[in-house]
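Residue numbers 2 to 337, in full-length UniProt numbering, belong to the letters of the sequence shown in order.
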Amino acid sequence: NTFSSKKEPIRVAVTGAAGNIGYALLFRIASGAMFGPDQPVALNLIEIEPGMKALAGVAMELDDCAFPLVTEIVQTDDLSVGFKDVDWALLVGSVPRKAGMERADLLGINGKVFVGQGKAINDNAKPSVRVLVVGNPCNTNALIAMKSAPDIPNEQFFAMTRLDENRAKTQLAQKAGVPVKEVSQLCVWGNHSPSMYPDFENAKIGRQKVTDVIQDQAWLRDTFVPVVGQRGKAIIDARGASSAASAANAVVDTVRDLSSPSHGEIHSVCVVSRGEYGTPEGIITSLPIRVDGAGQWRVMEGVKLSEYAKEKIAASNKELLEEREVAFGQLGLSIS
Ligand code: LMR
Numbered sequence: 002n003t004f005s006s007k008k009e010p011i012r013v014a015v016t017g018a019a020g021n022i023g024y025a026l027l028f029r030i031a032s033g034a035m036f037g038p039d040q041p042v043a044l045n046l047i048e049i050e051p052g053m054k055a056l057a058g059v060a061m062e063l064d065d066c067a068f069p070l071v072t073e074i075v076q077t078d079d080l081s082v083g084f085k086d087v088d089w090a091l092l093v094g095s096v097p098r099k100a101g102m103e104r105a106d107l108l109g110i111n112g113k114v115f116v117g118q119g120k121a122i123n124d125n126a127k128p129s130v131r132v133l134v135v136g137n138p139c140n141t142n143a144l145i146a147m148k149s150a151p152d153i154p155n156e157q158f159f160a161m162t163r164l165d166e167n168r169a170k171t172q173l174a175q176k177a178g179v180p181v182k183e184v185s186q187l188c189v190w191g192n193h194s195p196s197m198y199p200d201f202e203n204a205k206i207g208r209q210k211v212t213d214v215i216q217d218q219a220w221l222r223d224t225f226v227p228v229v230g231q232r233g234k235a236i237i238d239a240r241g242a243s244s245a246a247s248a249a250n251a252v253v254d255t256v257r258d259l260s261s262p263s264h265g266e267i268h269s270v271c272v273v274s275r276g277e278y279g280t281p282e283g284i285i286t287s288l289p290i291r292v293d294g295a296g297q298w299r300v301m302e303g304v305k306l307s308e309y310a311k312e313k314i315a316a317s318n319k320e321l322l323e324e325r326e327v328a329f330g331q332l333g334l335s336i337s
């Protein structure tokens with residue numbers, strides 16, 4: 002191996018590694034899109050037993066890319082092997098929803114999986130491990146994993162609303178007729194469900210407020226907000242399968258942006274609430290996140306929320322409390 006980086010590899014576990022999102026994700030991690038072009042990575046690919054044959058094929062394709070950054074590929078259906086010494090655990094695998102289902106309908110199917118994964122992370126991963134849950138309902142699954150991993154600080158658990166943020170930015174850019182990179186400071190709040198609130202009132206297009214560029218309030222409230230909330234369903238209806246490449250892209254964006262200083266930009270990440278902005282303490286809900294120079298994330302302070310925004314966010318968080326009650330009841334977990 003002639004690769005000259007002196008950096009220690011970052012070890013990344015991916016569950017559902019042979020699934021649709023996994024297939025779109027692994028090659029981007031391996032190519033350096035997630036951690037940068039000079040950061041070696043070791044991949045711990047986790048599947049359930051029936052997925053192991055397909056996983057072997059995915060690993061063969063990874064081999065065939067001859068990615069210079071990849072130092073090792075582990076293939077396993079044993080969680081204690083899969084999460085051994087990992088720096089990041091990307092919990093992608095789950096049963097995805099089909100047409101006609103809400104993400105919360107998956108609670109009973111997927112919830113218990115996250116108990117087992119939380120425990121295995123607790124017992125095997127590095128104490129500094131960071132866990133990003135993508136499998137739905139991702140907020141509540143992340144909470145279940147967090148509760149099942151008592152030795153890992155709560156601040157190291159995340160769920161994904163970056164896909165919603167990216168969707169929202171593109172909707173605004175297309176409406177305004179500007180390139181998507183012009184849209185910034187857009188936070189999606191609450192649950193990754195149709196109740197999520199993409200906060201257009203604090204978002205910017207260039208240096209202007211979105212509401213100064215797009216003055217059609219009715220479009221913002223009655224078209225933009227529901228289109229973002231229902232975009233996952235629209236993809237399922239169009240593709241016959243839930244989003245995969247765009248979900249994988251949002252995983253790359255989330256991990257990359259949690260791993261580097263944000264220089265004033267905010268991003269949407271579901272984190273454990275400490276009661277910020279009146280959100281119920283202890284749930285995993287989407288908030289505006291910044292990362293400081295030392296790599297620590299913080300909830301951005303001082304966001305001004307209108308009464309309309311506060312109502313939307315409260316409704317989404319109420320849904321998260323209900324999901325928690327149902328899931329914890331089913332799994333015998335206690336809230337405190
Ligand atoms: C998405 O938002 O595309 C994913 O959460 C899949 C889904 O069920 O909507």
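Note that beta-carbon positions come from the ideal geometry of N, C-alpha and C, so glycine has one too.
- Taking Val-116 as the centre and dropping the five residues before and after it, the same chain places the C-beta of Ile-145, Ser-149, Leu-332 closer than 7 angstroms to its C-beta, in chain order.
- In this structure, Arg-29 has its CB at a distance of at least 7 angstroms from all heavy atoms of ligand 1.
- The criterion of a C-beta distance shorter than 8 angstroms is satisfied by Val-42 and Leu-70.
- Thr-286 sits in a strand when the DSSP states are folded into three classes.
- Taking C-alpha positions only, Gln-175 is separated from Ile-215 by approximately 11 angstroms.
- Between ligand 1 and the CB of Arg-163, the shortest heavy atom gap is not smaller than 7 angstroms.
- If you ignore the 5 residues before and after Glu-308, its C-beta comes within less than 8 angstroms of no other C-beta in its own chain.
- Of the heavy atoms belonging to ligand 1, none sits nearer than 7 angstroms to the Cβ of Ser-95.
- Contact between the stretch 292–307 and the stretch 105–120 is absent: fewer than three C-beta pairs spanning the two stretches fall below 8 angstroms.
- In this structure, Gly-283 lies near Ser-274, with their beta-carbon atoms less than 8 angstroms apart.
- For Leu-44, the enclosing beta strand (DSSP E) has its first and last residue at 42–47.
- When DSSP states are grouped into helix, strand and coil, Met-53 belongs to the helix group.
- Between the alpha carbons of Asn-140 and Ala-316 lies a distance of about 15 angstroms.
- For the stretch 211–280, the full-length alpha helix (DSSP H) segments reaching 4 residues or more read 211–214, 226–230, 232–240, 246–259 along the chain.
- It is roughly 8 angstroms from the alpha-carbon of Ile-49 to the alpha-carbon of Thr-77.
- Between Ile-47 and Ala-245, the CB-CB gap reaches or exceeds 8 angstroms.
- Shortest gap from the CB of Asn-137 to any heavy atom of ligand 1: under 7 angstroms.
- Not one heavy atom of ligand 1 falls within 7 angstroms of the beta-carbon of Ala-169.
- Counted as a single uninterrupted DSSP element, the beta strand (DSSP E) harbouring Val-15 occupies residues 11–16.
- In the structure shown, the three-state DSSP call for Phe-68 is coil.
- If you ignore the 5 residues before and after Arg-232, its C-beta comes within less than 6 angstroms of the C-beta of Arg-168, all in its own chain and listed in chain order.
- Rounded to the nearest angstrom, the Cβ distance from Ala-160 to Val-134 is 5 angstroms, consistent with a contact under 8 angstroms.
- In the assembly as shown, Lys-182 is an exposed residue. Its beta-carbon has fewer than 16 other beta-carbons within 10 Å.
- Each residue's CA atom was taken as its position, placing Trp-220 and Ser-261 some 35 angstroms apart.
- Taking 8 angstroms as the upper bound for CB-CB distance, Gly-136 and Gly-17 are in contact here, some 7 angstroms apart.
- In this chain, the beta strand (DSSP E) harbouring Val-300 covers 298–300.
- Not a single heavy atom of ligand 1 lies less than 7 angstroms from the C-beta of Gly-178.
- With a minimum length of 4 residues, the unbroken runs of alpha helix (DSSP H) contained wholly in the stretch 129–194 fall at 139–148, 163–177.
- Scanning Asp-152, Leu-187, Met-53 for the CA closest to the CA of Lys-210 turns up Leu-187.
- Annotation: Leu-92 is outside any alpha helix (DSSP H); the continuous beta strand (DSSP E) that includes it extends over 89–92.
- Relative to ligand 1, the beta carbon of Ser-317 is positioned no closer than 7 angstroms to any heavy atom.
- Ranked by Cα distance from Tyr-24, the first of Pro-154, Met-61, Ile-237, Arg-222 is Met-61.
- Per DSSP, the beta-bridge partners of Val-75 are Asn-45.
- The C-beta of Lys-313 has 16 or more other C-beta atoms within 10 Å across all chains shown, which makes the residue buried.
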